[in-house]
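Top line first, the protein sequences correspond to chains A and B. Read in order, the letters of the first sequence correspond to residues 1 to 541 in this note's numbering. Read in order, the letters of the second sequence correspond to residues 542 to 1239 in this note's numbering. Okay, so here's the structure we're looking at.
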Amino acid sequence: MPAKIDPITLEILWRRLISIVDESDAAVARTAFSSLLRDAHDYTCMFTDSRGRELAQGTLATPGQSGAMALGIRQLVQALPPDSLHDGDVFITNDPWALAGHLNDVCVLSPIFHRGRTVAFTACILHHSDIGGRVASDNREVFEEGLFIPLVRLYEAGRLNEGVLAMIRANVRTPDQVNGDIRSQIAANHVCARQIVRMLDEYGLSDLDALADEIIGRSEQSIRAAIARAPAGVYRADGVIEQVAGQPDVRICCAVTIDGSDITVDLSGSSPQVHWGGNVVYNFTYAYVHMAIKSIFDPEIPNNEGIAAPIRLIAPEGTVVNCRHPAAVAARMQIGHFITEVIYRALAPALPARVLAGSGGTPATMQMFYGRYRDGRPFHTVLIRGGGMGAGAASDGAGSFIFPANGANTPVEILESDAPLLIECRELLTGSGGAGRHRGALGRREVFRVPDDEHAPQSPVSLAIQSGRFRLPAEGLFGGQPGALAQFLVNGQPGNPYGITRLEPGDVVTMDAAGGGGYGDPRERDPESIARDRREGKVKS
Amino acid sequence: MRIGVDVGGTFTDFVLLDDTSGRTHTYKCLTTPRDPAEAIEQGLRALEAQVPGCISALEEVIHGTTLVINAIIERKGARTGLLTTRGFRDVLELGREIRYAAYDAFAEMPVPLVPRERRLEVNERLRADGSVLVPFDEASARAAIASLRDQQVESVAVCLLNSFENPAHELALKRLLAEELPGVPVSISYEVLPQIREYERTSTTVTNAYVKPLTSRYLLQLTDRLGALGFRGRLFIMLSSGGVTSATTAAEFPVRIIESGPTAAVIAGQYYSRLFDCPEMFCFDMGGTTAKSCLIQDGIAGVVPTFEVGRVQRFQKGSGLTIQVPVVDLMEIGAGGGSIARASKLGTLQVGPDSSGAEPGPICYGRGGTGPTVTDADLLLGYLDPEYFLGGTMRLDVAAARRGVEEHVAGPLGVSFMDAVWGIHDLINETMAAAAKTHIAERGGNPRLVTVAAFGGAGPVHAWGLARKLGAPRLVVPPNAGVGSALGFFTAPRAFDLVRSHKVPFATADLARLEGLFRELEAEGERTLRKAGAEGQIRFTRSVEARFIGQGSETSLPVPEGDFAALDPDTLRALFDATYERLYGRTYPESAVEFVNFCVRASLPVQLLQLPKITTRGTVAAARKGERQAWCGTERAFVPHAVWDRYKLPPDAEIPGPGIFEERESTVIVGTGGRARVDEYGFLWVSLPEEHGNAGED
């Protein structure tokens, strides 16, 4: 391999790396156990060069995990003494401060060996439905939230460390499912390692480092060129995020400085960390800063460490956007997902065509139902969903999605075959999109019933929720109206979305997702769109 | 006599086959998009002129068509209504709610085929096990149907929750619809394909309903026209899954003929791989816009359960409508002769996936194309003869192609002109090879053992480069590579695939009951084939899709022949573990496994086809047209290549590379170290040198 790789060979090898990580991503979907992974795709696969620099990630990566991994995996890898590694080692950790900000995101990390040397690391973070603990947003410390696994070896040179696995199994409610999901992470890393070694052999390469220099360098140049074209200046916005009843709302203060090709996001002045699970670790805050910058400036190029180079984040320690151990962090997305929106709002005057109005899918909503079937078998199922996307300069909100995070719904037929619950409806909420020249997308309603006939589960069924937008809606931009609020009702009465709700057979839960904000003055909406909205029952007539 | 008719986007191709003599006659004319049957009539008349009496002697017309897929892409289907369970009319619009491009805040989604006002709800509900939670309410059904009538729907889809376990309510709706909306076609999900996951099943059923009226209309008209021409035989339609079926079944389940067109090449490949005894063949059909390929193992192409149509972003997975029916395992990538080359914003070379198509086409066509394409590079490398493109009917502009590459690729990238030209050719080969390697590996094949079979206008030009990158030992190019695929029509089995979901653990499964389920599927398959006039012994191939209990995806396992109830559960389990381990590296014998889907393919034996032998008698030397300079990737230089007229090459001719073999529709390149041999059927077999360079450097 020449010292400098020509642009044609580089493209060839780069594509190959992305197809390798997508193949390991597909292996997770095909082998995972919990529907959160196999149906909802709440996981991210990536790999790095020998120094821990991210080279490629799965096309369907979840931005929160992938952004946090780019930082976190490098730090973990650089802390591992190189001569302590063996072919066949598999590490596992869910340290929220090291990676993706809560205990449910479990990472499996493996060194990849080639000709006796470590040439790369492959990592896969899955959002495990179950990590034990008290499943709620109102815990005070991380100790209540479940099992904390520091970086340990699950396999040592190919041999399973039975003690580690037994420790994990003993601390979760559904050990077989958790174990099955860990296996699918191992399968993903196996596929990735096999293909990387095959590629190195095929091209006669001894490692990936020279290739990494080129890939990272060119990606950095590309995003820097895009940033440099934006008008320089300091742009500010504040975000207010509702929190547990009786507590003051959380404020995120944001100043974005564009200076040549550098961009600084300063969150100084944001609220101190809170006494519930909404705290965000630095890496997870960084992930949604990264999401905002990449989606505004350079969405289409492949993600890797180069994208991060021009971005500087200031997030003072002890604030809600850089919390200290042992803060509770389980519900970190309830605050973390807003960071992208605040940056969009700050940059809207400078780059009006590159941002969206507020989205009903910020934050994502997660519902965890757990309990026992009538015959005593445990069940534990997690659903994720978004809300109406915010509108933009060119079009209406695109539909019901999680944004800025990502993930799919669980089919009704799958949920009902996995858990003793019924879904009575899953439908769009008429009139819930914020009006505007472009309309915010509609929120959606989902109604759950706990059966009270011969199919009833044991009492109670526990429900824990992470969500938002119950009091403060997704705002519009440039004269667009806000979307409708979210609702959480138990038997028709507002429930407490922060604690654990104990449901009895016969209970009915209604979850309304918020609508997206509109963009531009509603009076400028074209008559054809107005007529279509009426015909389709998307606005109230 | 039989005739294969392939209606493509631009051309309609005909191959007439005389089964007794093995002789074929071909014809090609422009497709008539408004009424595709018109071109078919035109072609048949032309062939009748060539072979008088052939139409009345025809036993079968076998037909592949892009009618259905075009109607979906162009949104020209029927005004369709959907009836579904109360509370779920938005399932079709919500889809799976995942953003297919995570960092693109502006990604567009496909618009549903049925708008919200024509998606109506009925009071009824089944539980996950198929038992009734809310009984079917006829009054609500009649009200919904009345609304569809007022909205003048032309076709109705029915998809109720959990109906794959119990069709009673869907069947009740079907009866009511027949009463209330006589003459309006109905598609119910249980009959279209009873599989778990409501969005995918609804989308499939709706798509079926959307194209049903136009497909029936078209097939009826075609039958009439054929009759008027004196055709007395039977009409068969190519299925996406690789079989053929009657026009009646195709009209009932048009969603199964979406990939009707490209499937023929795969079926031809299946036939060649059996005829020539190639255990692993990689079929590769490269046209102007895309390359479609498929791995054939032991004479059989894989079939997959789901695919997408009408992608908003053409090659972006997840941006289209999901269709859940069996389809030949084709891999399509945006790599064709028209793929455009440019410097990417990252300062690397980018080729495709966007294409200049047929209009304006590559720069060298001189029809206004300005972006350099793969065909322009092939011309500049000396692979194409500017004076003999499409048999000399079209002159190619070398100077313009040269300027295009200089201006758009070599200059901006700062590389030499020839590095740029070769880079375009080599990168598109690499793109195809990388995708091919993954495709082959995922199916348990070995790229170093495959025989590459090349079809399409650009396929034979790129087959050498692709085969080298794969490390494949040989490649084969049938005569008339453009038409060669149409032979697939004659070798496709009459077949129909059936699937039913039923979840049950291996450990507690009542195998006798499962045998009963298989028999029901087989009886249904037999009825479908018999309705199409099938005679003789029907063959049933069974498979199951199974998974670890709690997993979300299934692993497909072939089921040994014979009574399912007589199988040893341990044998089934061992089969599962072996398959799982091969795919994912480890298996877990201590974890329980369950059945999810039961699949049956009902088929008739393939009718044998006698390939026509070539009658060329001249010497090898007489086939030599001359010599020209063409690029050699390994030497990185122009070297003299002998140029051969494929039509004049006699059987058993053996020719060392480097050489160029020309026929009207395509050109085969054989590089240095290769060796070409012509067989008795006129197929060109090329063996590759053993020490293949590795991709990047050659």
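Cβ coordinates follow ideal geometry from the N, Cα and C atoms, glycine included. What you are looking at is a predicted structure, and each value in this text was computed from that prediction instead of being measured.
Is the Cβ-Cβ distance between residue i and residue j less than 8 Å?
| i | j | result |
| --- | --- | --- |
| Ala941 of chain B | Ile904 of chain B | yes |
| Gly278 of chain A | Ala245 of chain A | no |
| Leu871 of chain B | Pro953 of chain B | no |
| Pro96 of chain A | His102 of chain A | yes |
| Ala486 of chain A | Gly376 of chain A | no |
| Val496 of chain B | Asn1138 of chain B | Any property of residue 496 of chain B remains undetermined from this structure, which presents chain B solely from 542 to 1239. |
| Glu662 of chain B | Ile686 of chain B | no |
| Val509 of chain A | Val539 of chain A | no |
| Gly431 of chain A | Gly516 of chain A | no |
| Val1141 of chain B | Ile1090 of chain B | no |
Is residue i close to chain B? Criterion is C-beta to C-beta, closer than 8 Å.
| i | result |
| --- | --- |
| Ser270 of chain A | no |
| Arg51 of chain A | no |
| Pro7 of chain A | yes |
| Pro522 of chain A | no |
| Arg224 of chain A | no |
| Gly386 of chain A | yes |
| Cys425 of chain A | yes |
| Lys294 of chain A | yes |
Taking the alpha helix (DSSP H) that residue i belongs to, which residues open and close that run?
| i | result |
| --- | --- |
| Arg758 of chain B | Glu739 to Ala769 |
| Gln78 of chain A | Pro63 to Ala79 |
Could you spell out where the beta strand (DSSP E) holding residue i opens and where it closes?
| i | result |
| --- | --- |
| Pro378 of chain A | Pro378 to Arg385 |
| Ile314 of chain A | Ile311 to Ile314 |
| Arg637 of chain B | First-last for Arg637 of chain B: undefined, no H or E at that position. |
| Tyr568 of chain B | Thr565 to Leu571 |
| Ala255 of chain A | Val250 to Asp259 |
| Met822 of chain B | Glu821 to Met827 |
| Tyr155 of chain A | Val152 to Glu156 |
Beta-carbon of residue i versus every beta-carbon of chain A: anything under 8 Å?
| i | result |
| --- | --- |
| Arg657 of chain B | yes |
| Val1219 of chain B | no |
| Gly1200 of chain B | no |
| Asp839 of chain B | no |
| Asn703 of chain B | yes |
| Met650 of chain B | yes |
| Glu638 of chain B | yes |
| Leu1229 of chain B | no |
| Leu971 of chain B | First, the amino acid is wrong: residue 971 of chain B is Glu here, not Leu. By this cut-off, Glu971 of chain B is an interface position. |
| Val592 of chain B | no |
| Ser957 of chain B | no |
| Gly1237 of chain B | Residue placement at Gly1237 of chain B cannot be trusted, given a pLDDT of 37 that sits under 50; the coordinates are not used to answer. |
| Phe823 of chain B | no |
| Leu921 of chain B | no |
| Leu968 of chain B | yes |
| Gly647 of chain B | Note on identity: in this sequence residue 647 of chain B is Phe, with Gly being the wrong assignment. Chain A, which has a Cβ nearer than 8 Å to the Cβ of Phe647 of chain B, makes this yes. |
Using a threshold of 7 Å, is the CB atom of residue i nearer than that to any non-hydrogen atom of the ligand PLP?
| i | result |
| --- | --- |
| Arg1015 of chain B | Ligands are entirely absent from the displayed structure, and the ligand PLP is therefore not among its contents. |
Task: At least 3 beta-carbon pairs within less than 8 Å: the stretch 687-704 of chain B vs the stretch 620-636 of chain B - done: yes
Open item on the list: Taking beta-carbon pairs under 9 Å, can you tell me which members of the stretch 527-541 of chain A lie near chain B?
Closed with: Arg532, Arg535, Glu536, Gly537 and Lys538
TODO: Residues of the stretch 455-486 of chain A with a CB closer than 9 Å to any CB of chain B: list them in chain order, please.
DONE: His455
TODO: Can you give me, in chain order, the residues of the stretch 878-898 of chain B that have a beta carbon less than 9 Å from any beta carbon in chain A?
DONE: Ala884, Ser885, Lys886, Leu887, Gly888, Thr889, Leu890, Gln891 and Val892
Open item on the list: So if I threshold CB-CB distances at 9 Å, which residues from the stretch 942-955 of chain B count as touching chain A?
Closed with: Leu954 and Gly955
Task: Short-range partners of chain A found in the stretch 728-749 of chain B, where Cβ spacing is below 7 Å - done: Ile737, Arg738, Glu739 and Tyr740
Open item on the list: Output needed in chain order: residues of the stretch 622-638 of chain B with a Cβ under 8 Å from some Cβ in chain A.
Closed with: Arg627, Gly628, Phe629, Arg630, Asp631, Val632, Glu634, Leu635, Gly636, Arg637 and Glu638
Open item on the list: Counting beta carbon pairs with one atom in the stretch 63-73 of chain A and one in the stretch 188-208 of chain A, are three or more of them shorter than 8 Å?
Closed with: no
TODO: Spell out a yes or no on whether the stretch 309-324 of chain A and the stretch 341-351 of chain A are touching, meaning 3 or more CB-CB pairs, one atom from each, closer than 8 Å.
DONE: no
- [ ] With 8 Å as the C-beta to C-beta threshold (strictly closer), list the residues of the stretch 436-450 of chain A near chain B in chain order.
- [x] Arg444 and Val447
Task: Short-range partners of chain B found in the stretch 127-152 of chain A, where Cβ spacing is below 9 Å - done: none
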